[in-house]
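Participant: So the protein sequences, as listed, match chains A and B.
Take the first sequence: its position 110, counting from 1, is numbered 110 in the working numbering, and each next residue is one higher.
Take the second sequence: its position 70, counting from 1, is numbered 1070 in the working numbering, and each next residue is one higher.
Beta carbons: idealized from backbone N, C-alpha and C, even for Gly.
Just dropping this structure here.
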Amino acid sequence: NAGVTQTPKFQVLKTGQSMTLQCAQDMNHEYMSWYRQDPGMGLRLIHYSVGAGITDQGEVPNGYNVSRSTTEDFPLRLLSAAPSQTSVYFCASKERDNYGYTFGSGTRLTVV
Amino acid sequence: AQKITQTQPGMFVQEKEAVTLDCTYDTSDQSYGLFWYKQPSSGEMIFLIYQGSYDEQNATEGRYSLNFQKARKSANLVISASQLGDSAMYFCAMRVGGVSGGSYIPTFGRGTSLIVHP
């Protein structure tokens, strides 16, 4: 049981490049979320999903896309990277009838 | 919309003493839940404690307790007998709605940095 796995752990992108941050969980959790963490800002919600095929926007969705084709995977796509997207990205998941979110170890992204 | 406020950017405490980290929240929902997470320098997010809005007793988990004052809309974290390993960022978070309903997606505060001195 690996929990929530995020890949890669570190990434450097050039402005304008696109990439996908991967998130996978093996706990059969229905709910999954993506957050970004910036100094002094706490964690801000980007997108979330309440089940396969269902996604919705959070507080800061611009510049990001998500899809949820399976229960296990919830990838986050950066369409055209900008320096403002330099951040640490966390993926989290939880069971439907449980309050506790389990977090991945994070992806540190730098856009130059 | 819900809001979480942590007014203490940084806190210092002597080892073995107790410390209280403040958290206030704002929501018009009657059903909500409050969380505290710890983030050590290694970066992972560690769940500490949870309090539901209908729970009459304050939640406790080992050395952690949540001082829940509903009328004041506060959910302070109390760490007893601080240890050097408690040095970390601490985040308060809230979700509104029932466990299986509502927005159920936590909103986080900006965090408090705790440093424990030997």
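Under the assumption that residue 103(A) contacts residue 23(A) (Cβ atoms under 8 Å), give the Cβ distance between them as a whole number of angstroms.
Facilitator: In the first sequence, counting from the first residue as 1, residue 103(A) sits at position 103. In the first sequence, counting from the first residue as 1, residue 23(A) sits at position 23. Incorrect: roughly 10 Å between the Cβ atoms, too far for contact.
Participant: Got a sec? Which residues, its chain only, sit under 7 Å from residue 1012(B) by beta carbon, not counting five neighbours each side?
Facilitator: Position 12 of the second sequence holds residue 1012(B). Same-chain partners within the cutoff: 1115 and 1117.
Participant: Just by C-beta distance, which residues in the region 1028-1056 of chain B are closer than 9 Å to chain A?
Facilitator: Within the region 1028-1056 of chain B, the qualifying residues are 1033, 1035, 1037, 1039, 1042, 1043, 1044, 1045, 1046, 1047, 1050 and 1052.
Participant: Please decide whether residue 1105(B) counts as near chain A, where near means a Cβ-Cβ distance under 8 Å.
Facilitator: In the second sequence, residue 1105(B) corresponds to position 105, counting from 1. Judged by the 8 Å Cβ criterion, residue 1105(B) is in contact with chain A.
Participant: Which chain B residues are close to residue 103(A), counting only those with a beta carbon under 7 Å from its beta carbon?
Facilitator: Taking the first sequence and counting its residues from 1, the one referred to as residue 103(A) is at position 103. Those within 7 Å of residue 103(A) in chain B are 1044 and 1045.
Participant: Quick one: which chain A residues come within Cβ less than 7 Å of residue 1108(B)?
Facilitator: Position 108 of the second sequence holds residue 1108(B). Those are 42 and 43, listed as they occur along chain A.
Participant: Assign residue 84(A) to one of three DSSP states: helix, strand, or coil.
Facilitator: Position 84 of the first sequence holds residue 84(A). The answer is helix: DSSP assigns residue 84(A) an H, G or I state.
Participant: If we cut at 8 Å on Cβ distances, does residue 33(A) have a partner in chain B?
Facilitator: By 1-based counting over the first sequence, the position of residue 33(A) is 33. It does; some Cβ of chain B falls within 8 Å.
Participant: Terminal residues of the continuous beta strand (DSSP E) containing residue 1064(B)?
Facilitator: Within the second sequence, the letter at position 64 stands for residue 1064(B). Counting along the chain, the beta strand (DSSP E) containing residue 1064(B) begins and ends at 1064-1069.
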